[in-house]
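K.L.:
Below you will find the structure I want to go over with you.
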């Protein structure tokens, strides 16, 4: 484990983080503690200020909702006018990519819809605009990337 990860883990209470990893230049911390995930009292912000690197806190894949149930829940939460085209799950990283024609509607005022998705499903939602011209090649590439994201 790199020195910087050890430095980050020193700031966090024992047992709160289940895994820590680098994702490009970012540091990603995984937690199984739902309370810590939603209410860490600015601890992550303090770490970012200290180490001057981007730090992201995500739920551990073990606590996220099953992808089929999560997809149904996400479709219930998202407004119809967002016009959802595709929902792809990256289970290793606890991320759900949502393709919408109107990303502003899918995000909601001040991120309210994203927050609701995150709280109910424990997946980290990322909203992308549906391309104006559909490309089967791009769709296939994305599908393969998410299937083999181990």
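Residue numbers (my numbering): 9 to 158.
All C-beta atoms in this analysis are idealised placements derived from N, C-alpha and C, irrespective of residue type, glycine included.
Every value quoted in this text rests on a predicted model; they were computed, and no experiment measured them.
My parser needs the beta strand (DSSP E) runs of 3 or more residues fully inside the stretch 36-122; what are they?
P.N.:
Correct list: 63-67, 92-98 and 103-108.
K.L.:
Would residue 111 and residue 136 be called neighbours here (beta carbons separated by less than 8 Å)?
P.N.:
yes
K.L.:
Just confirm the distance between the C-beta atoms of residue 13 and residue 45, as a whole number of angstroms; I'd bet it's less than 8 Å.
P.N.:
Rounded, the Cβ-Cβ distance is 19 Å, inconsistent with contact.
K.L.:
Should residue 121 be labelled buried (16 or more other beta-carbon atoms within 10 Å of its own) or exposed?
P.N.:
Buried is the call here.
K.L.:
Starting from residue 12, follow its DSSP beta bridges and name the residues at the other end.
P.N.:
The partner list for residue 12 (beta bridge, DSSP) is empty, contrary to what the question assumes.
K.L.:
Indicate the three-state DSSP secondary structure (helix, strand or coil) for residue 137 in the structure shown.
P.N.:
DSSP places residue 137 in strand when its eight states are reduced to three.
K.L.:
Just curious, the beta strand (DSSP E) that residue 29 is in, first and last residue?
P.N.:
27-31
K.L.:
Short check: CB of residue 114 to CB of residue 86, under 8 Å?
P.N.:
yes
K.L.:
Based on Cα-Cα distance, which residue from 53, 75, 109 and 42 lies nearest to residue 23?
P.N.:
Of the candidates 53, 75, 109 and 42, the one whose C-alpha sits nearest the C-alpha of residue 23 is 42.
K.L.:
In chain order, what residues of the same chain have a beta carbon less than 6 Å from the beta carbon of residue 104, not counting five sequence neighbours either side?
P.N.:
97, 131 and 133
K.L.:
Out of 149, 11, 106 and 150, state which residue places its alpha-carbon closest to the alpha-carbon of residue 78.
P.N.:
106
K.L.:
Tell me the DSSP bridge mates of residue 34?
P.N.:
31
K.L.:
DSSP beta-bridge partners for residue 132?
P.N.:
103
K.L.:
Does residue 62 pass the burial test, meaning 16 or more other C-beta atoms within 10 Å, or should it be called exposed?
P.N.:
By the 16-neighbour rule on beta-carbons within 10 angstroms, residue 62 is exposed.
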